[in-house]
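>
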Amino acid sequence: MSISPKKLSVSPENINFSFSGAGQNIIEVHGCHETDPELLLFSAKAKSFEIDFFELCDTDDDIPNYCPSNRKLQKDCITPITKADFVCIDGGVDLTIDEMWKENSSGVRLIEAKGDRLVSDPTKRYYVLAGANLKCDHDVNPNNPDLCPNSFDVAASMKVANDTYGKVAISVNKFRVTVMKFNYDLWDDNGVLNDKEYNDLLEYRISKDELKGDNQEIFLVNEISLFGSTPRTAIAETNSNMVAINTKIAPSSTMTHEIGHAKWGFYHPNSQPLYEYDPNNFMYETATGRTMNIRRYHFTKMH
Ligand SMILES: [Zn+2]
Numbered sequence: 296m297s298i299s300p301k302k303l304s305v306s307p308e309n310i311n312f313s314f315s316g317a318g319q320n321i322i323e324v325h326g327c328h329e330t331d332p333e334l335l336l337f338s339a340k341a342k343s344f345e346i347d348f349f350e351l352c353d354t355d356d357d358i359p360n361y362c363p364s365n366r367k368l369q370k371d372c373i374t375p376i377t378k379a380d381f382v383c384i385d386g387g388v389d390l391t392i393d394e395m396w397k398e399n400s401s402g403v404r405l406i407e408a409k410g411d412r413l414v415s416d417p418t419k420r421y422y423v424l425a426g427a428n429l430k431c432d433h434d435v436n437p438n439n440p441d442l443c444p445n446s447f448d449v450a451a452s453m454k455v456a457n458d459t460y461g462k463v464a465i466s467v468n469k470f471r472v473t474v475m476k477f478n479y480d481l482w483d484d485n486g487v488l489n490d491k492e493y494n495d496l497l498e499y500r501i502s503k504d505e506l507k508g509d510n511q512e513i514f515l516v517n518e519i520s521l522f523g524s525t526p527r528t529a530i531a532e533t534n535s536n537m538v539a540i541n542t543k544i545a546p547s548s549t550m551t552h553e554i555g556h557a558k559w560g561f562y563h564p565n566s567q568p569l570y571e572y573d574p575n576n577f578m579y580e581t582a583t584g585r586t587m588n589i590r591r592y593h594f595t596k597m598h
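For what it's worth, my numbering labels the leading residue of the sequence shown as 296, then goes sequentially.
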């Protein structure tokens with residue numbers, strides 16, 4: 296690499312770079328703005344990965360397997376329920392009951408309080424049994440049309456990702472955008488993905504073993520629960536290759552930031568191990584006031 300002019304310049308625009316190496320080694324040039332060095336030029340072997348988008352639609356399709364007027368009878372309203380393991384609710388096409396439980400103000404799980412027994416198995420997932428009283432006490436939610444995500448600009452998110460990761464010779468490609476129908480909203484059935492439901496979604500994806508290579512999966516959902524009183528733009532689990540995005544509010548920089556948590560395990564600069572105020576960092580915790588720079592401790596891990 297040659298840098299001209301040979302003398303240092305006070306104006307970055309007066310410095311020219313040319314590089315003719317094989318690109319096998321990382322070469323970096325930083326500019327200094329007060330104490331905050333910015334990456335100006337980076338050369339390394341190019342890398343890329345695929346991003347797999349899922350428009351996640353919540354399904355509500357339970358069917359009562361009992362007679363609503365006499366909960367001790369099967370749905371023909373003639374045959375008695377004679378076994379404790381009688382399945383009270385048929386999970387429908389999605390094989391899951393639409394609501395696992397509700398907690399009342401005392402924190403009591405209502406399905407269990409009513410005597411119904413909630414069971415899960417690897418194939419049927421969750422279902423409700425009559426239990427020892429041979430009665431189906433748990434109500435079935437009304438069937439609702441699929442609740443799909445709000446419109447989301449995938450191209451704008453891809454552009455931010457390529458602009459940001461491109462600073463360190465990493466590009467991303469859109470693998471596909473597909474609709475995924477799944478009963479993800481099964482704890483309180485309110486159209487909002489909460490932490491418990493997200494963990495369930497991760498378990499489901501892991502059990503399906505359908506992750507393609509080292510693809511990053513992005514789940515586009517209707518809405519995500521609050522963090523305290525703050526609307527959450529996304530959830531990412533470190534080293535999971537999976538991210539959920541709140542399509543109601545997430546700006547186009549959110550995906551790039553969240554992949555930093557999920558794929559590379561980065562933390563916010565103001566938390567451990569750095570405890571640093573650094574808004575010029577793509578891992579700065581809020582999109583407002585954030586500049587999408589990549590720090591050295593990031594790209595040494597990304598490469
Ligand atoms: Zn974050």
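Where a beta carbon is used, it is the ideal one built from N, C-alpha and C, also for glycine.
These numbers come from a predicted model, not from an experiment.
Does serine 452 pass the burial test, meaning 16 or more other C-beta atoms within 10 Å, or should it be called exposed?
Burial call: buried.
> Write down every uninterrupted run of the alpha helix (DSSP H) in the stretch 475-520 whose length is 4 residues or greater and which is fully enclosed by it, in chain order.
If we require 4 residues or more, the alpha helix (DSSP H) runs fully inside the stretch 475-520 come out as 490-503.
> Taking DSSP's pairing of strands, which residues face methionine 537 in a bridge?
Answer is Glu512, bridged to methionine 537.
> What span of residues does the alpha helix (DSSP H) with valine 449 cover, start to end?
Element bounds for valine 449: 449-460.
> The alpha helix (DSSP H) with leucine 569 in it runs from where to where?
Looking at the DSSP string, leucine 569 is not in any alpha helix (DSSP H), and its letter there is neither H nor E.
> Assign histidine 325 to buried or exposed, taking buried as 16 or more other Cβ atoms, counted over all protein chains shown, within 10 Å of its Cβ.
Histidine 325 is exposed by the Cβ-count criterion.
> With three or more C-beta pairs closer than 8 angstroms as the rule, is the stretch 425-434 touching the stretch 373-384?
Counting Cβ pairs under 8 angstroms, three or more are found: they touch.
> Assuming leucine 481 contacts threonine 542 (C-beta within less than 8 angstroms), just tell me the rounded distance between them.
Contact doesn't hold; Cβ gap of about 19 angstroms is too wide.
> Taking the DSSP output, what are the residues bridged to histidine 556?
Answer is none; histidine 556 lacks a bridge partner.
> Can you tell me whether histidine 556 sits near ligand 1, meaning its C-beta is under 7 angstroms from at least one heavy atom of the ligand?
Within the cutoff, so yes.
> Does DSSP put glutamate 333 in a helix, a strand or coil?
In the structure shown, glutamate 333 sits in a strand (DSSP, three-state: E or B).
> Would you say the beta carbon of glutamate 580 is closer than 7 angstroms to some non-hydrogen atom of ligand 1?
Flag set: Cβ of glutamate 580 near ligand 1.
> With DSSP collapsed to three states, give me the class of valine 463.
Three-state result, valine 463: helix.
> Can you tell me where the beta strand (DSSP E) with lysine 342 in it begins and where it stops?
Its beta strand (DSSP E) spans residues 342-355.
> Should histidine 556 go down as buried or exposed, given a rule of 16 or more other Cβ atoms within 10 Å for buried?
Per the 10 Å Cβ criterion, buried.
> Here's a check: name, in chain order, each residue in its chain whose Cβ is nearer than 6 angstroms to the Cβ of aspartate 385, leaving out the five neighbours to either side.
For aspartate 385, where only same-chain residues beyond five positions count, the Cβ hits under 6 angstroms are Ile358 and Asn360.
> Please give me, in chain order, every unbroken run of the beta strand (DSSP E) with length at least 3 that falls completely inside the stretch 361-429.
List check, beta strand (DSSP E) in window: 365-369, 412-416 and 420-424.
> With distances taken from CA atoms, which of Lys491, Gly508 and Asp509 is nearest leucine 521?
Ranking Lys491, Gly508 and Asp509 by Cα distance to leucine 521 puts Lys491 first.
> Tell me whether valine 388 is buried or exposed, calling it buried when 16 or more other Cβ atoms sit within 10 Å of its Cβ.
Looking at its Cβ environment, which holds fewer than 16 other Cβ atoms inside 10 Å, valine 388 is exposed.
> Should proline 440 and valine 516 be called a contact, given that it needs their Cβ atoms to be closer than 8 angstroms?
It is not a contact, given that the beta carbons lie outside the stated cut-off.
> Measure how close the beta-carbons of valine 463 and histidine 598 come, nearest whole angstrom, since I'm counting them as under 8 angstroms.
Indeed they touch by this definition, with Cβ atoms about 7 angstroms apart.
> Measure the C-alpha to C-alpha separation of cysteine 547 and serine 415 and round it to an integer number of angstroms.
Cysteine is not the amino acid found at residue 547; the sequence shown has serine there. Rounded to the nearest angstrom, the two C-alpha atoms are 38 angstroms apart.
> Between the C-alpha atoms of arginine 591 and leucine 334, what's the straight-line distance to the nearest angstrom?
Looking at the two C-alpha atoms, the distance is approximately 8 angstroms.
> Which residues does DSSP list as the beta-bridge partners of proline 323?
According to the sequence displayed, residue 323 carries glutamate and not proline. Looking at the DSSP assignment, glutamate 323 forms a beta bridge with Phe337.
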